[in-house]
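Data block below; observations after.
In structure tokens, the structure reads:
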């Protein structure tokens, strides 16, 4: 395939992708053919082609398709006109007619890959993946050595999220070209990593990384892909130097820092995660993406004031971020700032009343306050029960309120209900045992303690 | 595509499918109670290898279709990806899985129907079986030569539209240990037939002897052996026997008195599971379990039973039956002399206090 052809194909793909024109029904019958002989036919043809070109340039695709349809009636064997007709039909959203036109071109010019490539595009627009596959198979059979063609198709398929087929075409491009470009190799490595072919991805990425003459940014991407693949293949320790190398080669790539921090986090090296995120923060002071992992890891290394600063900053930029709310509440709880904890969870509750267990979280935080406002806690738990009537935690917290307010019988009922809903949770048995002892029922209390021991001493269930 | 997109794209895949790495044959399974719905996540799929897993590359993997066909051919992974595919939810069970064992898993598989591949080759009229060969090889028995793993499956079973060369499991490409990049999938049959790391499909005539199968000694294992009096019968294992397992509680569990949800899975290779019952008294009485998912021809069904358990000693069992009239046996058939198809109702002891 010539580079002009490739450029034209890509331009058309981009152009067509941007369109959302309604389907246009073409007249099926040909108009009367001019009777003045070949000269008059030629003149009419030229006129139609000029008009169609002007209409295409003006994005009047349906009109262009109409003119080219008439032109095709005048010169039915001319593949160039049929191809243009297919393009205009596709651009106007009439993909079924476009498919017929490209198939007609294919019959007339079997050695030309362009109509098949357009059939891939049209098949995609029609949602006909089997049709896309058939066109790709035909291209593979007819043009197995055209690496540029297969690379171009891979790119189109990646853009349209058909990653399996993109991988297939990327592999074909690689096989067709013994000296693929670094860009093509890295795209293949990324796809291989995505589908789980980690060994292949690492091999391709390392090959790119070893090419000292390549731009550092490209080698950094390769190191990043190799690191991610090593991690996915179960070699996290091998992934660390790769991701460090990616940062070293191109410190302007924020994702490399994030990936390395994530890896440290998985390995529970929270201090290292903080260090790499603080390094990134110095480089990208405005980045919101760094703040959540930074705040979370600062909490883990017990640097609470710094964590609170980072998470508050994130909430200023993204006030609906539920994870930021929860991490910040955690930081407040760990610093004994229960009012802050309640306030931030209540804020999340206002913004996301459907957030799972939010009422339980708020009620739990309220109970940590000194003195707790038990009436409000009960109100919160009523809301929790409405949204999740089988949540044992609702009844357990309610029991805690009743215990704190001396309503022993109410507490006993709530604990019993909590046990019914989650019989393998030992905590309510302990509370119940203590309560029954206080109520002067030692035998029943012993039973509750025994059941707690049964759960704690048995094999994991 | 920008490098940011490249990295994002790669990270998405990376974190979805963490893989284990092993160069020795693996024998791994995981407690079924770890499965939160009815589909087994890839990292909880059991693994039974005969030989070390081969190190395969997408660029070099090829599948050969030959034997009694008009046009033998070979395809690469690109070709496989661009062929029409089918999805099927199917359970795989190791034929030696214990009575309440966890060497079973249920996944959504995607691949190219074997029938499509054979159609392209033009299957010979005299073909009766398919030999499925993997890239993994070794010595199956002490004296057998180094040969690839191979199984022979009747052609008729492989022509079923659900039999496929699978390359995806639960919408992700196969993990290496589960046959990456492509494996056979013979739904409804014991898992040894679903050859991993598939490299060759050979159509055999009724009397052909496929050498990797016979010379390796594979013909000597995976057989049902029964002895009644002096009569000894040997038959190749094939269809999954109806079976249910209790995922929770486990054997020798100690539970507090209360209402407990006993749950597990049931499957069959014949029709679909139509009933699961639970006994807590060693099979003296049975209670109907609720089928929580829709039974199909090849998948497993998740079942549950609410057990109001008072203090005492119990023997918990489950029992399944299928739409073909098969019932899970209460005990092992005494005439069986092999170690396969262990589908009787396993008793689990349970103490409630």
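Protein chains in written order, with my numbering: chain A, 599 to 1059; chain B, 213 to 565.
For every residue, glycine included, the Cβ atom is placed at its ideal position computed from N, Cα and C.
Quantities reported herein were computed from a predicted structural model and do not represent experimental measurements.
Listed by position along chain A, the residues whose Cβ is nearer than 8 Å to that of residue 271(B) are 769, 772, 773, 798. Beyond the five residues adjoining it in sequence on each side, residue 925(A) comes within less than 8 Å, by CB distance, of 890, 893, 894, 897, 905, 909 in the same chain, given in chain order. Here residue 249(B) carries a coil assignment [DSSP, helix/strand/coil]. As a beta-bridge residue in DSSP terms, residue 472(B) pairs with 519(B). With a threshold of 7 Å between beta carbons, residue 296(B) makes contact with chain A. Residue 472(B) belongs to the set of residues whose beta carbon lies under 7 Å from a beta carbon in chain A.
Looking at the DSSP output, residue 562(B) sits in a beta bridge with 465(B), 526(B). Residues are counted here when their Cβ sits less than 9 Å from a Cβ of chain A; for the region 378–409 of chain B these are 379, 380, 384, 385, 386, 387, 388, 392, 393, given in chain order. A Cβ of chain B is located within less than 7 Å of the beta carbon of residue 1053(A).
Take residue 988(A), set aside five residues on each side of it, and the residues of its chain with a beta-carbon closer than 7 Å to its own are 1019, in chain order. DSSP, reduced to helix, strand and coil, places residue 334(B) outside both helices and strands of the structure shown, so it counts as coil. Scanning 284(B), 389(B), 467(B) for the CA closest to the CA of residue 236(B) turns up 389(B).
Identification of chain B residues near residue 1027(A) by a Cβ-Cβ cut-off of 9 Å yields 468, ordered along the chain.
In the DSSP assignment, residue 276(B) falls within the beta strand (DSSP E) that extends over 274–279. Of the other Cβ atoms in all chains shown, 16 or more fall within 10 Å of the Cβ of residue 507(B); this residue is therefore buried. About 5 Å separates the Cβ atoms of residue 960(A) and residue 943(A), confirming a contact at the 8 Å cut-off. Under the 10 Å beta carbon count, residue 772(A) is surrounded by 16 or more other beta carbons and is classified as buried. Counting C-beta pairs with one atom in each stretch, the region 275–292 of chain B and the region 796–813 of chain A have fewer than three that are closer than 8 Å, which means they do not touch. Between residue 315(B) and residue 241(B), the C-beta spacing is below 7 Å.
By the beta-carbon neighbour count (other beta carbons within 10 angstroms, threshold 16), residue 446(B) is exposed. Going by C-alpha positions, residue 871(A) is about 46 Å away from residue 728(A).
The criterion of a C-beta distance shorter than 7 Å is not satisfied by residue 680(A) and residue 639(A). Secondary structure of residue 1014(A) (DSSP, three-state): helix.
Counting C-beta atoms within 10 angstroms of its own C-beta, residue 731(A) has 16 or more neighbours from the protein chains shown and is therefore classed as buried. Segment contact: the region 289–300 of chain B against the region 424–434 of chain B, fewer than three CB-CB distances shorter than 8 Å; contact not assigned.
Legend: CB atoms of the region 716–740 of chain A lying less than 8 Å from CB atoms of chain B belong to residues 728, 731, 734, 735, 738. Under the DSSP definition of a beta bridge, residue 380(B) partners with 322(B), 385(B). Close partners of residue 267(B) in chain A (Cβ separation under 9 Å): 797. At a cut-off of 7 Å between beta-carbon atoms, residue 793(A) makes contact with chain B. Around the Cβ of residue 543(B), a 10 Å sphere holds fewer than 16 other Cβ atoms; the residue is exposed. Residues 1050 of the same chain have their beta carbon placed closer than 6 Å to that of residue 1028(A), with the five preceding and five following residues left out of the count.
The residues 551, 552, in chain order, have a CB closer than 6 Å to that of residue 308(B) in the same chain once the five nearest residues on each side in sequence are set aside. A direct Cα-to-Cα measurement between residue 311(B) and residue 947(A) gives close to 49 Å. Between the beta-carbon of residue 743(A) and that of residue 774(A) there is about 5 Å, and that keeps the pair under the 8 Å contact cut. At least one CB of chain A lies nearer than 7 Å to the CB of residue 293(B). In this structure, residue 257(B) sits away from residue 393(B), with a CB-CB distance that is not shorter than 7 Å.
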